[in-house]
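The block underneath contains the structure these notes are about, expressed in structure tokens.
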Ligand code: CP
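In the numbering used here, the protein residues as written are 657 to 967.
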């Protein structure tokens, strides 16, 4: 098959075949990242603007590295150093950037739907690097890539996602992605952090972390998204950690060879004990490493994929 989407806005509208095609494409790019000369000419002459209205370490850096390793010209704009601080709207900012003829804008924004909004108004491709509490598609794809790397076929695996589900775009993209690939998705977190209707998305919802991780193949822990919470949703971090933190003791409830994932940034001693964060079962740095290959695949496919060779 071939798959050359104009935009990557979320996982919800992708098919399982399209997701697997992206992961297979990422697989073919992965070895470039360990070569002595980490550069191929695939996107030579293409311009990519990374437009980040929210903080980021992993996503922005790896989109930039991905673009550079494919020989694209990459430009980074963060809201704090742009004319957004002078009152310019998102649409005006984006139209001004588009006037400089970028091929792709990779955007992170605090508003859910901001990437869809731009995709309807601009001619260039938009790649969603996280929009509000809506979607974070490249994160879910790198998570699936990492699970596939460690577990083989995702179909039939039990994947538990635990934490601040209500405020997480990572969880929404992961629920879509893992369900499409045939995993059994379990969700847990404090009642105040579980939105209604999760069962309708095809998840099994648990009120208790220990029940949710019993027999799991993969455990994905989430950070509390303080920046998106309007009010305090838990009595204290110590209590949160006691009931929803993963530690050496409760990790034994999962399968012996279970892997622990986290999108980062981690809060040590809150959702993960330091021993789990540094332990043998965690694959967090594999996720980060795989993020570059997955983002190379996304940029390549959005830019035209195999058609690039005809240009
Ligand atoms: N996982 C993730 O999106 O991390 P950053 O916020 O550092 O990009």
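Yeah, the Cβ is synthetic: ideal placement off N, Cα and C, and Gly gets one too.
Would you list the residues sitting across from residue 679 in a DSSP beta bridge?
Answer is none; residue 679 lacks a bridge partner.
8 angstroms contact criterion, which residue 957 and residue 661 should meet: CB distance rounded:
7 angstroms
Buried or exposed for residue 882, going by 16 or more other Cβ atoms inside 10 Å?
exposed
Have a look at 672, 664, 720 and 866 and flag the residue whose alpha-carbon is nearest the alpha-carbon of residue 782.
664
Just tell me which of 742, 716, 780 and 740 has its CA closest to the CA of residue 732.
716
Rounded to whole angstroms, what's the CA-CA distance from residue 849 to residue 713? Just pull it up for me.
25 angstroms
Spatial neighbours of residue 870 within its chain, please: CB distance less than 6 angstroms, with the 5 preceding and 5 following residues excluded, ordered by chain position.
909
Starting from residue 720, follow its DSSP beta bridges and name the residues at the other end.
Residue 720 is not bridged to any residue.
Sort 753, 796, 670 and 842 by Cα distance to residue 944 and report the nearest one.
796
What first and last residue would you give for the alpha helix (DSSP H) that runs through residue 733?
Element bounds for residue 733: not the alpha helix (DSSP H) but the beta strand (DSSP E), 729–734.
Compare the Cα-Cα distances from residue 821 to each of 801, 863, 722 and 740 and report the closest residue.
863
With a floor of 3 residues, list each beta strand (DSSP E) that falls wholly inside the segment 739–822, ordered by position along the chain.
760–765, 781–787 and 814–818
So, do the segment 801–808 and the segment 777–792 have three or more beta carbon pairs nearer to each other than 8 angstroms?
no
Only counting the same chain, and skipping five residues up and downstream in sequence, which positions put a Cβ closer than 6 angstroms to that of residue 847?
none
Is residue 852 near the ligand CP, judged by its Cβ being under 7 angstroms from some heavy atom?
no
Can you check which of these residues, 793, 839 and 808, is closest to residue 815 by C-alpha distance?
839
Local conformation of residue 664 per DSSP, three classes
strand
DSSP three-state label for residue 902, please.
strand
In whole angstroms, what separates the C-alpha of residue 706 from that of residue 764?
8 angstroms
Alpha carbon to alpha carbon, what distance is there between residue 843 and residue 736?
35 angstroms
Between the C-alpha atoms of residue 855 and residue 743, what's the straight-line distance to the nearest angstrom?
41 angstroms
Which ranges would you report for the alpha helix (DSSP H) in the segment 827–897 if only whole runs of at least 4 residues count?
865–869
To the nearest angstrom, how far is it from the Cα of residue 858 to the Cα of residue 866?
20 angstroms
Starting from residue 923, follow the alpha helix (DSSP H) in both directions and report where the run begins and ends.
Element bounds for residue 923: n/a, residue is neither H nor E.
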